[in-house]
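Since the structure comes first, as structure tokens, the remarks are kept for the end.
Residue numbers (my numbering): 115 to 208.
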């Protein structure tokens, strides 16, 4: 079975505070954010809604993409999210 890696973005609300991360287990990581397992940025700003993700088979590609997105302007991130998820629904609830 081939490993998968995920670059993801969480939001506090539509067009709210954004967080970008990378993980090898999107389900587990989103649960950790939602349950506020660690004191973190997402806990402080209540950033728990999974609004965007990409899947990679190579961890190096995923890390490279995460770093790229972290340096993007906020408006570019919002545009990217709204192309895939115009209503900003929480994919973790699906």
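For every residue, glycine included, the Cβ atom is placed at its ideal position computed from N, Cα and C.
One question on the structure: do residue i and residue j come within less than 8 Å of each other, judged by their Cβ atoms?
i           : j           : result
residue 126 : residue 167 : no
residue 143 : residue 134 : no
residue 118 : residue 169 : yes
residue 188 : residue 132 : yes
residue 161 : residue 199 : no
Please classify residue i as buried or exposed, where buried requires at least 16 neighbouring CB atoms within 10 angstroms.
i           : result
residue 192 : buried
residue 163 : buried
residue 123 : buried
residue 209 : Past the edges of the chain, shown from 115 to 208, lies residue 209, and the structure says nothing about it.
Rounded to a whole number of angstroms, what is the C-alpha to C-alpha distance between residue i and residue j?
i           : j           : result
residue 181 : residue 151 : 24 Å
residue 203 : residue 148 : 15 Å
residue 207 : residue 195 : 17 Å
residue 172 : residue 128 : 30 Å
residue 184 : residue 141 : 21 Å
residue 190 : residue 155 : 21 Å
residue 130 : residue 139 : 24 Å
Could you tell me which residues DSSP puts in a beta bridge with residue i?
i           : result
residue 192 : Looking at the DSSP assignment, residue 192 forms no beta bridge with any residue, so it has no partner.
residue 123 : 134 and 166
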